[in-house]
Every structure is written in C-alpha cells, then in structure tokens.
Amino acid sequence: MNTYTITLKHWIDKEEDYWIAEIPELPGCMSHGYTIKETLKNIEDAKICWIDAAENISMIKVPIDKNATPIIKILGEYTEEEKQKCYKTVNDFYELYDKIFKNVVFLKDG
1015 MNTYTITLKH
1025 WIDKEEDYWI
1035 AEIPELPGCM
1045 SHGYTIKETL
1055 KNIEDAKICW
1065 IDAAENISMI
1075 KVPIDKNATP
1085 IIKILGEYTE
1095 EEKQKCYKTV
1105 NDFYELYDKI
1115 FKNVVFLKDG
C-alpha cells in the first residue's frame, strides 16, 4: 500500500491558536489552519502542489503519489478529552472527504 505521513501539531502562542501539518516525505511541504479539518484540507492542497511542481521540474523523484493513503500522527501531549476531540474531528474530516482518502490509519503520539 502506498502511504505517507501527515504530522499534526497544535500550536498556541499569545496571539493565535492553530494546527501545523507537515508531510515528512515531501521536504518543505507544510501548511496550517485554525482547526484540524481546515489544516488537513490545506495540507492535501499543499501535497498536490508539491507533487505537481516536482513533476514539472522532473529532476526530483516524487516519493509518493497523489492517491497515497495518509497516516495521521498527532504530535504532542494532550488530555484524554483533547485526544477524543482530535479523534472525532479527524473522523469527521474523513467522512466529508471520503472520496480523497480511503482506508486511513490514525496513529497518535503522546
């Protein structure tokens, strides 16, 4: 199965509260959003742009294809309530975007 990893990290500073997503297999492919759902949509868009750009350059080997299955990994430490909220949000996202993602594996870290 062709898979890739999306890491999610919740970031809170004095002025903003947002999520950061990265695809480690695609160097520099990152995005963010104010909700998990928005962040996952944004990173999917960033992934497609990264792959399109790499294919146009043709000197770069693209390590994943556009239809690869994402493995979501939430980084950081969270309370049980926060973890359940993350699971629900990610599950809701996959229900809405079922045509994009199939057979998703959800991993947690922390």
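Position 30 of the sequence shown, counting from 1, maps to 1044 under the working numbering, and the rest follow consecutively.
The beta carbon of each residue, even a glycine, is placed where N, CA and C say it ideally should be.
DSSP beta-bridge partners for A1035?
-> Taking the sequence shown and counting its residues from 1, one reaches residue 1035 at position 21. DSSP lists L1022 and S1045 as partners of A1035.
Tell whether a beta-carbon distance below 8 Å holds between W1033 and L1040.
-> As a first step, residue 1033 must be located in the sequence shown, where it is residue number 19. As a first step, residue 1040 must be located in the sequence shown, where it is residue number 26. No, the pair does not count as a contact, with Cβ atoms beyond the cut-off.
For T1103, which residues from the same chain have a beta carbon less than 8 Å from its beta carbon, with the 5 sequence-adjacent residues on both sides left out?
-> Residue 1103 sits at position 89 when you count from the first residue of the sequence shown. The residues are T1049, I1050 and K1051.
For G1090, which option in Y1018, A1035 and N1081 has the closest C-alpha, if you only look at C-alpha atoms?
-> Position 76 of the sequence shown, counted from the start, is the residue given in the question as residue 1090. Measuring from the Cα of G1090, the nearest candidate turns out to be A1035.
Beta-carbon spacing of A1060, M1044 below 8 Å | The residue given as residue 1060 occupies position 46 in the sequence shown. The residue given as residue 1044 occupies position 30 in the sequence shown. Yes. Within cutoff.
Residue of I1065, K1097 and A1082 minimising C-alpha distance to G1042 = Translated into positions along the sequence shown, residue 1042 becomes position 28. Of all alpha-carbon atoms in I1065, K1097 and A1082, the one lying nearest the alpha-carbon of G1042 is that of I1065.
So, using beta-carbon positions, are P1077 and I1020 closer together than 8 Å?
-> The sequence position of residue 1077 within the sequence shown is 63, counting from 1. The sequence position of residue 1020 within the sequence shown is 6, counting from 1. In this structure, I1020 does not lie closer than 8 Å to P1077 by Cβ.
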